[in-house]
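Chains as they are written, first to last, in UniProt numbering: chain A, 1 to 245; chain B, 1 to 245. Worksheet for the structure shown next.
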DNA sequence: AGCTCTGGCTTGTTTGTACAAGTTCGCCTA
DNA sequence: TAGGCGAACTTGTACAAACAAGCCAGAGCT
């Protein structure tokens with residue numbers, strides 16, 4: 001763990017613990033540098049981390065201020081349903097309902113950087129939280145990863161983790177589109193809701209560390225089961241609104 | 001504009017223009033430093049900006065890779081419906097349907113850091129894109145900003161901009177919760193959809209630069225009119241999933 | 001009392017240096 | 001030919017120093 005991460009972690013703990021309540025000022029960079037025997041640049045890296053998490057705000061000339069005290073989850077927990085569920089104290093389960101290979105559509109070829117007509121793997125999964133069905137996942141995997149996915153246990157809890165352990169695959173980057181849709185008849189049947197009832201849809205494309213697309217997916221959550229949360233500031237905000245297509 | 005912002009802007013333009021297509025390698029920091037006659041640290045700040053936007057990814061030891069080429073909007077455009085709409089080439093309009101003062105509820109007191117029972121301003125707005133109603137906005141403003149809000153033109157296009165110009169108020173930080181809900185009868189009537197049809201809901205709390213809460217709001221978008229988009233990486237992702245309450 | 005202004009404090013930007021750690025690719029060997 | 005090894009390259013981390021720019025409180029003035 002890098003020095004600046006240690007410092008960030010220490011400060012984060014202090015904030016979560018309430019040593020610096022919401023609205024309070026953080027010590028100045030100079031003081032922190034002295035306290036941790038680090039250079040000012042290192043301290044700046046640490047507080048930049050906290051600012052990116054939305055925990056503290058900063059303005060030139062004024063002391064940094066504590067804005068929040070909730071710890072936010074890691075990327076892995078965002079990407080992996082199972083890992084997120086576990087960290088929240090839920091028991092996640094899932095079932096593969098269908099899995100078949102087929103040639104990719106033109107739009108999939110673009111999103112996954114494939115040759116037109118190249119083979120992809122189409123998987124339909126139902127996911128549960130504490131036994132309750134909450135998520136219908138329709139995922140399209142690029143052909144090159146298909147064998148590893150097919151080898152997975154159909155009731156495998158965490159696909160992300162299994163793929164990491166079996167072939168060393170790391171999901172590193174992703175783009176997510178979030179909107180609301182009405183439940184289709186299949187969605188309704190699987191999730192146990194009425195047709196036309198609201199679902200929260202998350203469409204995503206995920207790539208490896210090298211920027212190679214792995215999968216794109218259409219995930220639909222039962223309304224009320226899951227909420228997405230974003231903290232943002234003038235400094236950094238990756239969330240954008242887009243016009244409906 | 002700082003030097004590192006200029007460099008970031010230049011690189012961003014080059015990426016958007018297609019000089020560095022998706023999957024391509026960016027020049028090394030050393031080369032960029034030479035090209036822009038800047039120190040390596042300055043170049044690093046520039047590319048860190050692009051990485052935060054999700055445009056490029058980086059791994060220790062390997063060249064940086066271009067991950068996307070879409071320009072993402074600024075915070076102002078996320079926060080302000082009107083500014084976002086304008087930047088996307090839409091014509092935004094809006095109407096205040098009701099506006100009244102009342103004592104705040106206990107939960108509002110917590111979210112806006114008010115004394116229990118302190119007065120707040122409750123505003124119901126309908127927003128349109130190119131004349132089509134797409135958004136019902138139920139906003140609760142803290143009492144101290146209420147007079148400025150009441151002075152606004154009921155058909156005012158951009159509340160954010162007007163409040164900045166009239167009282168110098170800057171919305172600096174926000175927390176956003178996104179989920180799907182069924183349209184209530186009022187929602188349905190205002191948006192011209194059937195009751196029970198899916199809406200994308202964004203609940204938010206916004207604060208000033210000093211961390212003082214200004215407003216909390218419940219915004220409901222007609223399904224299909226707007227999509228939220230998030231780019232993330234192992235490095236930074238402010239988006240988290242939360243269990244439904 | 002209320003206002004202005006100034007000086008000290010704090011964060012923002014930039015440069016330079018050094019080393020650590022990971023990647024890539026060509027060369028050499030079995 | 002396949003695999004291993006290592007050198008060169010590239011990004012990550014850390015330190016030090018200097019100046020710019022913005023904030024704030026207290027001194028002084030009206």
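Here a beta-carbon is modelled for each residue, glycine too, at the ideal position from N, C-alpha and C. Note that the structure is a prediction, hence the values are computed from the model and not measured.
Pairing residue 202(A) with residue 132(A), the inter-Cα distance amounts to about 19 Å.
Burial is judged here by how many other beta carbons sit within 10 angstroms of a residue's own beta carbon; residue 83(B) has at least 16 and is buried. With a contact defined as Cβ atoms closer than 8 Å, residue 54(A) and residue 211(B) miss out at about 11 Å.
Within the same chain, Cβ atoms closer than 6 Å to the Cβ of residue 139(A) are found at 123, 215, 217, the five residues on either side in sequence being excluded. Annotated three-state conformation of residue 155(B) is coil, per DSSP.
With its beta carbon at least 7 Å from every one in chain A, residue 27(B) lies outside the interface. Between residue 93(A) and residue 128(A), the gap from beta carbon to beta carbon is short of 7 Å.
The beta carbon of residue 86(A) sits no closer than 7 Å to any beta carbon of chain B. For residue 164(B), the three-state secondary structure derived from DSSP is helix.
Closer than 7 Å to the CB of residue 174(B) there is at least one CB belonging to chain A. In the DSSP assignment, residue 6(B) falls within the alpha helix (DSSP H) that extends over 3 to 17. Boundaries of the alpha helix (DSSP H) around residue 106(B): 106 to 111.
Looking at the backbone, the Cα of residue 30(B) and that of residue 86(A) are separated by about 43 Å.
Residue environment analysis places residue 121(A) among the buried positions, since at least 16 neighbouring C-beta atoms fall within 10 angstroms of its C-beta. Residue 209(A) is a Cβ neighbour of residue 170(A), given a cutoff of 7 Å. According to the DSSP assignment, residue 219(A) belongs to the beta strand (DSSP E) that extends over 213 to 222. Residue 39(B): not part of any beta strand (DSSP E); DSSP gives it neither H nor E. Comparing alpha-carbon positions, the option among 81(B), 70(B), 97(B) lying closest to residue 162(B) turns out to be 81(B). In the structure shown, residue 147(A) adopts helical secondary structure according to DSSP, grouped into three states. Using a Cβ distance threshold of 7 Å, residue 180(A) and residue 223(B) count as a contacting pair. Secondary structure of residue 67(A) (DSSP, three-state): coil. Counting of Cβ neighbours within 10 angstroms places residue 115(A) among the exposed residues, the total staying below 16. For residue 46(A), the CB contacts under 7 Å within the same chain, skipping 5 residues up- and downstream, are 4, 7, 8, 11 in chain order. Taking C-beta atoms under 8 Å as the contact rule, residue 185(A) and residue 182(B) fail to qualify, at a distance of about 18 Å. Apart from the 5 residues on each side of it in sequence, residue 167(B) sits with its Cβ closer than 7 Å to the Cβ of 148 in its chain, given in chain order. Residues of chain A whose Cβ lies closer than 7 Å to the Cβ of residue 160(B) do not exist; the shortest such Cβ separation is about 12 Å. Separation of residue 26(B) and residue 173(B) (C-alpha to C-alpha, rounded to the nearest whole angstrom) is 32 Å.
A direct Cα-Cα distance of roughly 17 Å separates residue 61(B) from residue 67(B).
Residue 31(B) carries a helical assignment under DSSP once its states are collapsed to helix, strand and coil. Sequence-distant Cβ neighbours of residue 91(A) in its own chain, meaning closer than 6 Å and more than five residues away, are 130.
Of all residues in the stretch 165 to 193 of chain A, only 170, 171, 172, 173, 174, 175, 176, 177, 178, 179, 180, 181, 182, 183 place a beta-carbon less than 9 Å from a beta-carbon of chain B. Counted as a single uninterrupted DSSP element, the alpha helix (DSSP H) harbouring residue 83(A) occupies residues 81 to 87.
Taken through DSSP and simplified to helix, strand or coil, residue 187(B) comes out as helix. Residues of chain A with a Cβ closer than 9 Å to the Cβ of residue 223(B) are, in chain order, 179, 180, 181, 182, 198, 244.
Under the criterion of beta carbons closer than 8 Å, residue 227(A) and residue 199(B) do not qualify as touching, at roughly 14 Å. In the DSSP annotation of this structure, residue 26(B) is not part of any beta strand (DSSP E), being labelled neither H nor E.
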